[in-house]
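Quick note: the sequence shown uses the working numbering, first residue 39, plus one each step.
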Amino acid sequence: MNRFKVVIKRIIRFFYEISVLATSHHDVVPIRFFSKRPNVGDALNVYLIEKVTGKRTLEIKSGWLRHVLGIGSIMHFATKKSVAWGTGVIEESQLPSASVLGKMKFSAVRGGKTRDLLGQKLGKKLSCPMGDPAVLMPLYYTARSEKKYLLGVVPHYVDKNETSFKDFLLATNAKLIDVELPVEEFIDQLAECEVILSSSLHGLILSDSYGISNIWVKFSDNVIGGEFKFLDYYSTTDRKNVSPIDMRGLDLKRQSIEALTTRASVAQFSENKGLLLESFPARL
């Protein structure tokens, strides 16, 4: 019965999507992304695609209409109607079926690990630009902030209740930056900090993109996919050999925190931003 309800709901959504696109297809970009909970990396899909195109977006939940498969580790969301733009794989075990991969299109993928994994599945080298489209954000938004804090910390939402994170926050009085903030407010708060520590991928990508020194940290083993998506992103930068600092059991004395901040840096994007932007599938 539950499966029947899901199918009916999907059919109703499909007809809604058709009706919207039929009446305003010149003004709407159909997109598919993770939207079950607020998260800045996912919210970038609507924000950035609307900036890039000058059009509003329509979320394609049915998957039955041609759409842009956008930012995030959502390659397993793909259908035969997907056109991937900067999309990444979440982990090696979660890939679309061979039939889906054979029918979908690739305008760009997030990084080398995603590209190579898809190439292995397809049985041929995947040739398209690489990069997480979040690196394009400074083209569309300038942070409106002055430095106020030495440390800012961006926990992945699965880390918010971890003891290691709470202990770090208590010991350092770091500025807490919530991944559920709207895109512009999130970036403004990043820019208030001299150094960002983040277990959230887009906390790191946006820090790099805005020239804010940052450190990839780990508060738990709860982030789905482990290190895959992080290393996928870093494969498109000059910091290809990087690993997170595990904050569990870290000595949080003042001198240790000061030593930690000296390890912060800005990863430079080494792919072509112009090609990444031009690869946006304006015609689906």
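Glycine residues also receive a C-beta, built at the ideal position from the N, C-alpha and C atoms.
Model, not experiment: these values are computed from the prediction.
Self-check item: Nearest-angstrom Cα separation, counted from L96 out to E55
Solution: Translated into the one-based positions of the sequence shown, residue 55 becomes position 17. Translated into the one-based positions of the sequence shown, residue 96 becomes position 58. Spanning the two alpha carbons is a distance of roughly 8 Å.
Exercise. Go ahead and pull the three-state DSSP assignment for N40.
Key: Looking up residue 40 in the sequence shown gives position 2. Residue state, collapsed to three classes: helix.
Quiz item: Applying the criterion that 16 or more other CB atoms from any shown protein chain within 10 Å of the CB defines a buried residue, is R41 buried or exposed?
Solution: Walking along the sequence shown from the start, residue 41 turns up at place 3. The residue in question, R41, is exposed, as its Cβ has fewer than 16 Cβ neighbours within 10 Å.
Quiz prompt | Reference A212; option with closest CA among Q227, R94 and P220 | solution = Locating residue 212 in the sequence shown gives position 174, counting from the first residue. For the residues Q227, R94 and P220, the minimum Cα distance to A212 belongs to Q227.
Quiz item: Can you list, in chain order, the residues of its chain whose CB lies under 7 Å from that of Y85, leaving out five sequence neighbours each side?
Solution: As a first step, residue 85 must be located in the sequence shown, where it is residue number 47. Only V221 meet the Cβ criterion.
Quiz item: Expressed to the nearest angstrom, what Euclidean distance is found between the alpha-carbon atoms of S308 and T275?
Solution: Within the sequence shown, residue 308 is the residue found at index 270, counting from 1. Within the sequence shown, residue 275 is the residue found at index 237, counting from 1. Distance between the alpha carbons of S308 and T275: 5 Å.
Quiz item: Which residue's Cα is closest to the Cα of K186: S237, C231, S294 and S100?
Solution: For the purposes of this step, residue 186 is identified with residue 148 of the sequence shown, where counting begins at 1. Nearest option by C-alpha distance: C231.
Practice problem: With a cut-off of 8 Å on the beta carbons, I'd call A16 and H64 a contact; round off their distance for me. | Solution: Because residue 16 is not part of the residues shown, which for the chain are 39 to 322, the question remains open.
Exercise. Kindly say whether L288, judged by its beta-carbon, lies nearer than 8 Å to any beta-carbon of chain C.
Key: In the displayed structure, chain C is absent; only one protein chain is listed.
Exercise. May I have the straight-line CA-CA distance separating G140 from S294, to the nearest angstrom?
Key: Taking the sequence shown and counting its residues from 1, one reaches residue 140 at position 102. Taking the sequence shown and counting its residues from 1, one reaches residue 294 at position 256. Their Cα atoms are separated by approximately 51 Å.
Self-check item: Opening and closing residue of the alpha helix (DSSP H) in which Y272 lies
Solution: The residue you call residue 272 lines up with position 234 of the sequence shown. Unbroken alpha helix (DSSP H) run through Y272: F266 to Y272.
Practice problem: Report yes or no: do three or more beta-carbon pairs, one from the stretch 185–205 and one from the stretch 252–259, lie closer than 8 Å? | Solution: The stretch 185–205, when compared against the stretch 252–259, does touch it at the 8 Å Cβ threshold.
Quiz item: Which word fits I49, buried or exposed, when buried means at least 16 other C-beta atoms lie within 10 angstroms of its C-beta?
Solution: The residue labelled residue 49 in the question sits at position 11 within the sequence shown. The residue in question, I49, is exposed, as its Cβ has fewer than 16 Cβ neighbours within 10 Å.
Quiz item: Smallest Cα separation from G79: which of A320, V58, L242 and T152?
Solution: Looking up residue 79 in the sequence shown gives position 41. Considering only alpha carbons, the answer is L242.
Practice problem: Please name the residue in V192, M168, F224 and S145 whose C-alpha comes closest to that of S183. | Solution: In the sequence shown, the residue the question calls residue 183 occupies position 145. Residue F224 is the option with its Cα nearest to S183.
Self-check item: Same chain, Cβ closer than 6 Å to K99, five either side skipped, listed in chain order
Solution: Numbered from 1 along the sequence shown, position 61 holds the residue referred to as residue 99. Here the set comprises R51.
Quiz item: What are the boundary residues of the alpha helix (DSSP H) that includes K291?
Solution: Residue 291 sits at position 253 when you count from the first residue of the sequence shown. K291 -> no alpha helix (DSSP H), and no H or E assigned at all.
Exercise. Within 10 angstroms of the Cβ of Y178, are there 16 or more other Cβ atoms? Answer buried if so, exposed if not.
Key: As a first step, residue 178 must be located in the sequence shown, where it is residue number 140. By the neighbour-count rule (16 or more Cβ atoms within 10 Å), Y178 is not buried but exposed.
Quiz item: Under the three-state reduction of DSSP, which class applies to V45: helix, strand or coil?
Solution: Position 7 of the sequence shown, counted from the first residue, corresponds to residue 45. V45: helix per DSSP, three-state reduction.
Quiz prompt | Range covered by the alpha helix (DSSP H) that runs through Y187 | solution = Stepping through the sequence shown from its first residue, residue 187 is reached at position 149. That residue, Y187, is in no alpha helix (DSSP H); its beta strand (DSSP E) goes Y187 to V192.
Quiz item: Are the beta-carbon atoms of V127 and L155 separated by less than 8 Å?
Solution: Position 89 of the sequence shown, counting from 1, holds the residue named residue 127. Position 117 of the sequence shown, counting from 1, holds the residue named residue 155. For V127 and L155, yes; Cβs fall inside 8 Å.
Quiz item: Between which two residues does the beta strand (DSSP E) harbouring H240 extend?
Solution: What you label residue 240 is simply residue 202 of the sequence shown in a count that begins at 1. Segment L239 to S247 is the alpha helix (DSSP H) holding H240; no beta strand (DSSP E) there.
Quiz item: Among all the DSSP beta bridges, which residues are the ones paired with V127?
Solution: As a working mapping, residue 127 is identified with position 89 in the sequence shown. For V127, which the question treats as bridged, DSSP gives no partner whatsoever.
Exercise. Please name the residue or residues paired with S236 in a DSSP beta bridge.
Key: For the purposes of this step, residue 236 is taken as the residue at position 198 of the sequence shown. S236 is bridged to V192 and W254.
Quiz prompt | Assigned exposure category for L313 - 16 Cβ within 10 Å defines buried | solution = One-based indexing of the sequence shown puts residue 313 at position 275. Around the beta-carbon of L313, fewer than 16 other beta-carbon atoms lie within 10 Å, marking it exposed.
Quiz prompt | CA-to-CA distance, S111 to R148, given in whole angstroms | solution = Your numbering for residue 148 matches position 110 in the sequence shown. Your numbering for residue 111 matches position 73 in the sequence shown. Taking the straight line joining both Cα atoms gives about 9 Å.
Quiz prompt | Inter-residue spacing [alpha-carbon to alpha-carbon] between K162 and R301 | solution = Walking along the sequence shown from the start, residue 162 turns up at place 124. Walking along the sequence shown from the start, residue 301 turns up at place 263. Each residue's alpha carbon lies about 39 Å from the other.
Quiz item: From I283, E296 and S251, pick the residue whose C-alpha is nearest to that of A305; which is it?
Solution: Residue 305 sits at position 267 when you count from the first residue of the sequence shown. Of the candidates I283, E296 and S251, the one whose C-alpha sits nearest the C-alpha of A305 is S251.
Practice problem: Go through its chain and collect everything with a Cβ distance to L207's Cβ below 8 Å, but skip five positions before and after it. | Solution: Within the sequence shown, the letter at position 169 stands for residue 207. Hits under 8 Å: V191 and L214.
Quiz item: For K159 versus M142, is the C-beta distance shorter than 8 Å?
Solution: For the purposes of this step, residue 159 is identified with residue 121 of the sequence shown, where counting begins at 1. For the purposes of this step, residue 142 is identified with residue 104 of the sequence shown, where counting begins at 1. Not in contact: K159 and M142 (Cβ atoms no closer than 8 Å).
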